[in-house]
Every structure is written in C-alpha cells, then in structure tokens.
Amino acid sequence: MEEHTDGLIIRRARSDEAEAIWRLTRLAYAPYRGKIRPTFGALKVRLSTVRREIRTRSRIYGVGLLNGRIVATIRYRKRPRYLGLSRLAVHPDYQARGIGTAMLRWAESEALRCGVRELRGDVRAAMPHLLDFYRRLGYRPFARRSKRGYPGYLIAVKKKLRVGEDDAVPPG
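Following this note's numbering, the numbering of the sequence shown begins with 58 at its first residue and continues without gaps.
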C-alpha cells in the first residue's frame, strides 16, 4: 500500500533500494556511534543482510520518498499477534518534520492490512526523547530488556490499534 502525505510517498521497499536504505540507516544512526552502548544493530548490519531481508521478505522495509529520493525507512516483521517494528530512520536533513510520525502511521496501516492490531518496538533507555516521541503517538512501555553487561538498556513499547480506527496515530 502506498501512502501520500504532503509530498511524502510511503510504500514498501523494492529490492533495488537496499543500498539506499542501508546508507540512510547508517547516516541517521551515525550520531550515536560510540556514544550509546551497545552499538545499534543498524550501525553493524551488512548491506548483504538488508538485501537478503528484502529479497526473502524475512523483514519488510518501508520507505518514505520526497521527490523520488528515499528520506526515511522503517522495518517490520509480522508476528502471529503483532508487527515488530525496528530501525526507524529519517535522513538528518529531514528530521523534526513529521516524517517519522508518517512512517509509523504507515506501519500501523500495514499492521491492519496484515490482520494484526498491535505494534511493538524497542527504544533505548539512553534516549528518553525517543520514548517521549513514541508515547505521544500512543505507544506504551511494557517491559525492559537486558543483554550481558547492559541491564535494562531497552524499553519495549507497544500500541494496540482499535478496530475501525480512522486515524491510527493520535494527533501530536
């Protein structure tokens, strides 16, 4: 499904867009390299992995385009009861313009299209501004995740979509 928002076109990624997605994700996450531990998977992932995920559909990537240029991306994986979101990335030149919100709105419409009414994702505890962003969009924390040497470094968030919801994302 394709969505248009103020010139932004959001749709599923094509396999020939893997490199652009990989480069954009690395660029968007670059300010956190060496500052937030453990290192984001988005900074360690290989281009070949992104290509394989798109080709095999083990993960679905959405892209946001302005004037034909990819300026945002989000990745999801369909689970039996929810859509697992990850790697929301917006090009630094286009941040704070509502594009991240539009990408999540698109993911929510994808969830409904896939027959699930819940979305889940993880937010780094070291980034409270991102947790606030998700809260404003109706996502609620429900668990903490740990990794050896990094207790509670992730906050798991989720949002349940209402049946017949006209606008899945509350205004914010």
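Don't be surprised by glycine CBs; every beta carbon is placed ideally from N, CA and C. For clarity, every value in this text was computed on a predicted model and none was experimentally measured.
Check whether residue i and residue j have beta carbons under 8 Å apart
i, j, result
"TYR207", "ARG94", "yes"
"LEU176", "ALA183", "no"
"HIS186", "LEU81", "no"
"ALA213", "PHE190", "no"
"LEU211", "ARG201", "yes"
"LEU161", "LEU194", "yes"
"ALA75", "ARG116", "no"
"VAL295", "TYR151", "With the chain running from 58 to 229 in the structure shown, residue 295 is simply not present."
"TYR118", "THR106", "no"
Burial state of residue i (16 or more Cβ within 10 Å)
i, result
"THR233", "Outside the displayed span of the chain (58 to 229) sits residue 233, for which this structure offers no information."
"ALA99", "buried"
"GLY157", "buried"
"GLY209", "exposed"
"ALA153", "exposed"
"GLY178", "buried"
"GLY172", "exposed"
"ASP224", "With a pLDDT of 47 at ASP224, under the threshold of 50, the predicted position of this residue should be treated as unreliable, though the coordinate-derived value follows. Its Cβ having fewer than 16 others within 10 Å, ASP224 is exposed."
"ALA159", "buried"
"GLY229", "Note on GLY229: pLDDT 39, under 50, position unreliable in the model; the coordinate value appears next. Label assigned to GLY229: exposed."
"ALA87", "exposed"
"PRO227", "Any reading at PRO227 must be qualified, since the residue scores a pLDDT of 46, below 50, and its modelled position is unreliable; the value itself is stated next. Looking at its Cβ environment, which holds fewer than 16 other Cβ atoms inside 10 Å, PRO227 is exposed."
"GLU222", "A caution first: GLU222 carries a pLDDT of 49, below 50, which makes its placement in the model too unreliable to give a value."
Selected residue, minimal CA-CA separation from residue i, among the options
i, options, result
"SER72", "ARG112, GLY172, LEU188, GLY119", "ARG112"
"TYR133", "TYR151, LYS101, ALA70, ARG181", "ALA70"
"ARG103", "LEU122, TYR118, ARG83", "ARG83"
"TYR196", "ILE66, ARG126, GLY172, LEU142", "LEU142"
"ARG236", "ARG174, VAL180, PRO88", "Residue 236 is absent from the structure shown; the chain starts at 58 and stops at 229."
"ASN124", "LYS216, SER203, ILE67, LYS215", "ILE67"
"GLY64", "TRP79, LEU122, ARG114", "LEU122"
"LYS215", "GLU165, ARG170, SER203", "GLU165"
"ARG181", "ALA159, TRP163, LYS204", "LYS204"
"TYR139", "GLY155, ARG170, TRP79, ARG114", "ARG170"
"GLU110", "TRP79, LYS217, ARG126", "TRP79"
"ARG126", "GLY155, LEU188, ALA77, LYS217", "ALA77"
Chain D within 8 Å of residue i, Cβ atoms only
i, result
"PRO149", "Here chain D cannot be found, since the structure has a single protein chain."
Scan the segment 100-125 and note each continuous beta strand (DSSP E) run of 3 residues or more that stays entirely inside, going in chain order.
117-123, all fully within the segment 100-125.
Identify every run of the alpha helix (DSSP H) within the segment 167-214, keeping only runs that are complete inside it and at least 4 residues long; order them along the chain.
The qualifying runs are 185-193.
Can you give, in chain order, each stretch of the alpha helix (DSSP H) that sits fully within the segment 67-93 and has at least 4 residues?
Complete alpha helix (DSSP H) runs here, min 4: 75-86.
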